[in-house]
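With my numbering as the guide, the letters of the sequence shown map in order to residues 241 to 363. Cβ coordinates follow ideal geometry from the N, Cα and C atoms, glycine included. None of these values were measured; they are calculated from a predicted model. Structure first, commentary second.
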Amino acid sequence: MGGIDLPLEEILAEGKRFVQCETPEILRKRNRARVSMLEIHDLIPDIDSRPVPVTFDALFCESLERYQMVVMGIYRLLDLLLQHDPTSQDNKSVVGPKRIVIYYPPYDYEMHPSDMVCALDLE
Numbered sequence: 241m242g243g244i245d246l247p248l249e250e251i252l253a254e255g256k257r258f259v260q261c262e263t264p265e266i267l268r269k270r271n272r273a274r275v276s277m278l279e280i281h282d283l284i285p286d287i288d289s290r291p292v293p294v295t296f297d298a299l300f301c302e303s304l305e306r307y308q309m310v311v312m313g314i315y316r317l318l319d320l321l322l323q324h325d326p327t328s329q330d331n332k333s334v335v336g337p338k339r340i341v342i343y344y345p346p347y348d349y350e351m352h353p354s355d356m357v358c359a360l361d362l363e
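Structure (structure tokens):
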């Protein structure tokens, strides 16, 4: 009949249906960490009102304690990164809201309210 798998087509032609075979073992294998992209406000809602800047280590520890999420990196606006880079030339400009991924920054790396976060969701 032009199908991909002749034995499968014969089974379906006989009126048999697919059945779900979700055993507890299969369900356990599906219960694994997921990669999430979140706004920093989702993890630290009061980032704008804190008296001291939030650093990567504070973000990492709070995310793990509160939400069982392991922060892997930051998704930052490229313009913001270039503004704070002393080696950047003044004539460099970025057209549009381009972002860059910073994986595992130093523990004292300061976070910005516009940052997004890449994290493993352990739940």
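query, result
"Buried or exposed for Ser-303, going by 16 or more other Cβ atoms inside 10 Å?", "buried"
"Hey, Ile-314 and Asp-288: beta-carbon distance below 7 Å or not?", "no"
"Let me make sure I understand the geometry here. Which of Lys-256, Pro-353 and Leu-322 has the alpha-carbon closest to that of Pro-293?", "Pro-353"
"Just the Cα atoms here: how many angstroms apart are Arg-290 and Glu-262?", "47 Å"
"In three-state terms, what does DSSP make of Leu-362?", "coil"
"Go ahead and pull the three-state DSSP assignment for Ile-284.", "coil"
"Hey, Gln-308 and Leu-362: beta-carbon distance below 7 Å or not?", "yes"
"Using the Cβ count rule (16 or more neighbours within 10 Å means buried), how would you classify Arg-316?", "buried"
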